[in-house]
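A quick write-up on the structure given underneath.
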Amino acid sequence: MFRAILLTKNDDGSTRAELTQLDDAQLPPEGDVTVAIDYSTINYKDGLAITGKSPVVRKWPMVPGIDGAGTVLASSHPDWKAGDAVILNGWGVGETHMGCLAERAKLKGDWLIPMPHGMSSRTAMAIGTAGYTAMLCAMALAEHGVKPEDGEVLVTGASGGVGSVAVAILAARGYKVVASTGKLAEADYLKSLGAAEVIDRAGLSAPGKPLQKERWAGVVDSVGSHTLANAVAQTRYGGTVAACGLAQGMDFPASVAPFILRAVKLIGVDSVMAAKERRVDAWSNLASEMQAETLERITQEIALGEAMDWAPKILAGGVRGRLVVDVRG
Ligand code: NDP
């Protein structure tokens, strides 16, 4: 038996989340690698799954947890053997396949990547999908030609998980980072991660004109909706916007003007189905660029049984940085 968060459906269709005991027979048969999970995390999507606020869970009952790090216990997959340290991010785990907010998970070997040399499970999960997505966004900006000397780079949703790691990575890469936040009380925190300036997100979240004063050489947006539309409208000629989130909304109330008049590039970033080579590159970059001290400033640790308390908080934008879950705690 092992401990897990289990999601079931109440008669009225609402989601019930509880800390319970499962046995191996309840794990998904299609998995070919059994992993002892050391740490998991609470991302925004885990918040949606645990509260049932959005239909991210497609199979019931479900163990949530889109991220896990731990050690292989048993494997029939040729790439993995007992004792290997592995990371899992996405692939529908915690949505259609039982996830990692549990002491044990049965996963597909093709989904796993090796733990970067010298990285602990806790560090990997302090980074988690949010941090790995922030790195995918930073890689997208660099690949589309945004260089530190080109000018300011905007990060929206800056005090959240994706935002905090994006601020830290981009600042460490030499960019002048402007952090947009609804939590101005966290300005010192954002500056300690490397933000050169902190701005009130209210200036970006209301409907704006299709073309605005050019300011940003690049943007990492985890917010969507009017914030993304305004960020695009303020991007400089030829600049790049990496869009990965929807914390304000899934809509994109914008015009084509920035694309056809300023050659602005809007790059979609997805972590869930990203190819394995891309993941390995992102995690290798994270291992070499993410300073332990910075990551510690971003991270709060919680125990498995506390996941239900924190799920609504992350959806309300009330979590600073990253939540790492000690599943044995
Ligand atoms: P967090 O909740 O940690 O961060 C989101 C941040 O967005 C909040 O902290 C807040 O920052 C800001 N925010 C919240 N609500 C609003 C609002 N109504 N209007 C404007 N800003 C708001 O979540 P994560 O960092 O884990 O995820 C961020 C987004 O990225 C989510 O939408 C998530 O689904 C998405 N995501 C997408 C991935 C992908 O593969 N494409 C992978 C990972 C995440 P502040 O107070 O500083 O403004």
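According to numbering that gives the first Met the number 0, the sequence shown is numbered sequentially starting from 0. Cβ atoms here follow ideal geometry from the backbone N, Cα and C, with glycine treated the same way.
1) Note down, in chain order, each residue of its chain lying with its Cβ closer than 6 Å to the Cβ of GLY46, except the 5 sequence neighbours on either side.
2) Could you tell me which residues DSSP pairs with VAL222 in its beta bridges?
3) List the DSSP bridge partners of MET272.
4) Looking at LEU169: is its Cβ nearer than 7 Å to the Cβ of VAL197?
5) Please go through the same chain and pick out, in chain order, the residues whose beta-carbon is closer than 6 Å to the beta-carbon of VAL318, but skip the five residues on each side of it.
6) For a test of your reading of the model: does the CB of GLN20 fall under 6 Å from any non-hydrogen atom of the ligand NDP? Yes or no.
7) How about ARG321 and GLY160: are their beta carbons less than 7 Å apart?
8) Can you tell me the Cβ-Cβ gap for SER179 and ALA157, rounded? I've got them flagged as a contact below 8 Å.
9) I need the DSSP call for GLY402, collapsed to helix, strand or coil.
10) Pick out whichever of GLU213, ALA101, LYS58, ILE86 has its Cα sitting closest to the Cα of ASP325.
11) By how many angstroms is the C-alpha of GLY244 removed from the C-alpha of ALA68?
12) State the Cα-Cα distance for the pair GLU288 and ALA171, rounded to the nearest angstrom.
13) Would THR239 and LEU140 qualify as a contact pair, given that the criterion is a beta-carbon distance under 7 Å?
14) Is the distance from the Cβ of PRO28 to the Cβ of ALA286 below 7 Å?
15) Quick check on LEU260: buried or exposed, where buried means 16 or more other Cβ atoms within 10 Å of its Cβ?
16) Is DSSP giving ARG72 helix, strand or coil here?
17) I need the boundaries of the alpha helix (DSSP H) containing ALA24, first residue and last residue.
18) By the three-class DSSP mapping on this structure, what secondary structure does GLY267 have?
19) Straight-line CA distance for CYS99 to LYS212?
20) Do three or more CB pairs link the segment 119-134 to the segment 278-285 at distances below 8 Å?
21) Buried or exposed: which applies to PRO257, given that a residue is buried once 16 or more other Cβ atoms fall within 10 Å of its Cβ?
22) Heavy atom of the ligand NDP less than 6 Å from the Cβ of ILE229, yes or no?
23) Report the three-state DSSP secondary structure of SER179 (helix, strand or coil).
24) I want to check one thing, is the minimum distance from the CB of ALA246 to the heavy atoms of the ligand NDP below 6 Å?
25) Should VAL177 be counted as a contact of the ligand NDP given a C-beta to heavy atom distance under 6 Å?
26) Which whole-angstrom value is the C-beta distance of MET124 and ASP187, which I expect to be below 8 Å?
27) Exposed or buried, which one is GLU292 when buried takes at least 16 other CB atoms within 10 Å?
28) By DSSP's criteria, THR40 is part of a beta bridge. Which residues make up the other side?
29) With distances taken between CB atoms, is the gap from ALA302 to GLY328 smaller than 7 Å?
30) Starting from LYS312, follow the alpha helix (DSSP H) in both directions and report where the run begins and ends.
31) Where ARG214 and GLY237 are concerned, what is the direct C-alpha to C-alpha distance, given to the nearest angstrom?
Looking at the atomic coordinates:
1) The answer, listed in chain order, is ALA310, ILE313, LEU314.
2) Answer by DSSP bridge pairing: none, since VAL222 is not bridged.
3) In the DSSP secondary-structure assignment, MET272 is not bridged to any residue.
4) In this structure, LEU169 sits away from VAL197, with a CB-CB distance that is not shorter than 7 Å.
5) Closer than 6 Å at Cβ, skipping near neighbours: LYS312.
6) No, the beta carbon of GLN20 sits no closer than 6 Å to any heavy atom of the ligand NDP.
7) Yes; because the gap between Cβ atoms is below 7 Å, this pair is in contact.
8) Between SER179 and ALA157 a beta carbon distance of about 6 Å is seen, short of the 8 Å cut, so the two are scored as contacting.
9) Residue 402 cannot be examined here, being either before or after the span of the chain that is shown, 0 to 328.
10) Measuring from the Cα of ASP325, the nearest candidate turns out to be ALA101.
11) Rounded to whole angstroms, ALA68 to GLY244 spans 23 Å at the Cα level.
12) Each residue's Cα considered, the two are about 7 Å apart.
13) Their beta carbons are under 7 Å apart, which means THR239 touches LEU140 by this criterion.
14) Not closer than 7 Å, so no.
15) Exposed, by the Cβ-count rule.
16) The sequence shown places Leu at residue 72, not Arg. The answer is strand: DSSP assigns LEU72 an E or B state.
17) Here ALA24 belongs to no alpha helix (DSSP H), and DSSP marks it neither H nor E.
18) Three-state result, GLY267: strand.
19) Going by the C-alpha atoms only, they are around 45 Å apart.
20) Judged by Cβ distances under 8 Å, the segment 119-134 makes contact with the segment 278-285, as three or more pairs qualify.
21) Buried, by the Cβ-count rule.
22) According to the sequence shown, residue 229 is Asn rather than Ile. Set against 6 Å, the gap from the CB of ASN229 to the closest heavy atom of the ligand NDP is not smaller.
23) Note: SER179 maps to strand in three-state DSSP.
24) Because some heavy atom of the ligand NDP lies under 6 Å away, the Cβ of ALA246 counts as near it: yes.
25) Because no heavy atom of the ligand NDP lies under 6 Å away, the Cβ of VAL177 does not count as near it: no.
26) Their Cβ separation, rounded to whole angstroms, is 25 Å, which puts MET124 and ASP187 out of contact at 8 Å.
27) A residue is called buried once 16 or more other Cβ atoms fall within 10 Å of its Cβ, and GLU292, having fewer, is exposed.
28) Looking at the DSSP assignment, THR40 forms a beta bridge with VAL323.
29) In terms of Cβ geometry, ALA302 and GLY328 form a close pair [threshold 7 Å].
30) Start and end: 306-314.
31) Linking ARG214 to GLY237 through their CA atoms gives a straight-line distance of about 12 Å.
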